[in-house]
Amino acid sequence: MTVKNVLLFLVMLSCASVAHAQGKLNVVTSTQDLAAIAGEVGGDRISVESIARGYQDPHFVEAKPSFILRMQKADLLIVVGRELEIGWLPPLITQSRNSKVQPGGAGYLDASMNARILDLPTGQVTRAMGDVHPLGNPHYWLDPENGKSIAKSIAAKLSELRPNDRAVFEQRLADFTARLDAAEKRWLAQLAPYKGVKVVTYHSSYPNFAERFGLDVIGFVEPRPGIPPTPQHTLDLIGEMKRQNVKVVMVEPYFDLKTPNAIGRDTGAQVIVLPPSVGGVKEITDYFKLFDYDINLLTNALKQATGK
Ligand SMILES: [Zn+2]
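Residue numbers for the sequence shown follow numbering that gives the first Met the number 0, beginning at 0 and rising by one.
And the structure:
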């Protein structure tokens, strides 16, 4: 090899390593909501893929071997946390043997860290009766204010992993936050006429949503989070709904409609299927469309129920 060729070879090598260093960050998220928000912040600097689909119950996802392969190649894993994924994600993380994405690793982000978490346990934490919400309610992404907190945590983590792109992530975060602020005003105005309206939901997926948009969730079709309906609980709920004149039951798309429909027939309440996640139905392709879709559906139901 001539000196000139050696130099050329070295130049090529260094170009290759620069290209590698600036390649897209490989991000894996547990849910599509997190993938949508990561995409808003990371733009073309990341490639992002979710493990669970938005139409699946995020507490119970079937762990497929292909998920391990994805996790092996990940630079960053973003999880909802609060034990939402405890039933299926930990073995995938372990089996990936990817040290970056192990809990506590540089490539592991728990998106709940700076979010407002409701239903926090007081006293000793137990999974009494199989309760799947032992560390507070994990469905916190359904408040756009938490969407902003999640985006902020993701921007900070991406900047830590790719300091050269910090300005890009910060700019995209500011843009996302501004668009979300504007959309949130619109959503609040849309639901303002129904402030304080009483509703029932199947699973406790909507406490943050209800708090933000002024709904009063007076009961659940499930006796406890993760526990299927029982005849006695259903009878009690029907009685309570009649006493409080509840006219809307919100059901996540992955639950059987048999009990909600029976409750609807008995109480005259409308049963609406409200996706709690991006990807819950095919129209919901991003974080904004999630609220657009759900708030439109809910507003139509409440309009009919209240005459407002
Ligand atoms: Zn839950």
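Don't be surprised by glycine CBs; every beta carbon is placed ideally from N, CA and C.
Predicted, not measured: the structure shown is a model, and the values here were computed from it.
Cα-Cα separation between proline 259 and glutamine 269, rounded to whole angstroms:
As a working note, residue 259 is residue 260 in the sequence shown. As a working note, residue 269 is residue 270 in the sequence shown. Near 9 Å, if we compare the C-alpha coordinates of glutamine 269 and proline 259.
What is the rounded straight-line gap between the Cα of valine 199 and the Cα of tryptophan 186?
Taking the sequence shown and counting its residues from 1, the one referred to as residue 199 is at position 200. Taking the sequence shown and counting its residues from 1, the one referred to as residue 186 is at position 187. Taking the straight line joining both Cα atoms gives about 20 Å.
Look at the alpha carbon of alanine 300 and the alpha carbon of glutamine 123, and state the distance between them as a whole number of angstroms.
Here residue 300 refers to the residue found at position 301 when the sequence shown is read from its first residue. Here residue 123 refers to the residue found at position 124 when the sequence shown is read from its first residue. Going by the C-alpha atoms only, they are around 39 Å apart.
Under three-state DSSP, which class holds serine 29?
Locating residue 29 in the sequence shown gives position 30, where the first residue counts as 1. Correct three-state label for serine 29: coil.
Could you give the DSSP three-state label for tyrosine 201: helix, strand or coil?
Taking the sequence shown and counting its residues from 1, the one referred to as residue 201 is at position 202. Correct three-state label for tyrosine 201: coil.
Helix, strand or coil: how does DSSP classify leucine 289 here?
Position 290 of the sequence shown holds residue 289. In this structure, DSSP gives leucine 289 a helical state, which the three-state scheme calls helix.
Could you give the DSSP three-state label for alanine 15: helix, strand or coil?
Numbered from its first residue, the sequence shown carries residue 15 at position 16. For alanine 15, the predicted model reports a pLDDT of 45, less than 50, meaning its position is unreliable; a value from the coordinates is still stated below. Here alanine 15 carries a helix assignment [DSSP, helix/strand/coil].
Could you tell me which uninterrupted beta strand (DSSP E) segments, each at least 3 residues in length, are contained entirely in the stretch 71-112, listed from first to last along the chain?
If one requires a minimum length of 3 residues, the beta strand (DSSP E) runs lying completely within the stretch 71-112 are 75-78 and 107-109, in chain order.
Between the Cα of alanine 173 and the Cα atoms of Ser29, Glu39 and Leu33, which residue gives the shortest distance?
Within the sequence shown, residue 173 is the residue found at index 174, counting from 1. Considering only Ser29, Glu39 and Leu33, the residue with the shortest C-alpha distance to alanine 173 is Glu39.
Any idea what DSSP makes of arginine 223, helix, strand or coil?
On the sequence shown, position 224 is the one that residue 223 refers to. Note: arginine 223 maps to strand in three-state DSSP.
State the DSSP-derived secondary structure class of glycine 213, mapped to helix, strand or coil.
Counting from one through the sequence shown, the residue named residue 213 turns up at place 214. Glycine 213 falls in the coil class under three-state DSSP.
Report the rounded CA-to-CA distance for leucine 80 versus glutamate 239, giving the unit in angstroms.
Numbered from 1 along the sequence shown, position 81 holds the residue referred to as residue 80. Numbered from 1 along the sequence shown, position 240 holds the residue referred to as residue 239. The sequence given here places glycine at residue 80; leucine does not occur at that position. The straight-line gap from Cα to Cα measures roughly 33 Å.
Note down, in chain order, each residue of its chain lying with its Cβ closer than 7 Å to the Cβ of tyrosine 253, except the 5 sequence neighbours on either side.
Locating residue 253 in the sequence shown gives position 254, where the first residue counts as 1. The beta carbon of tyrosine 253 sits closer than 7 Å to those of Tyr54, Gln55 and Asp56, all from its chain and outside the five residues before and after it, given in chain order.
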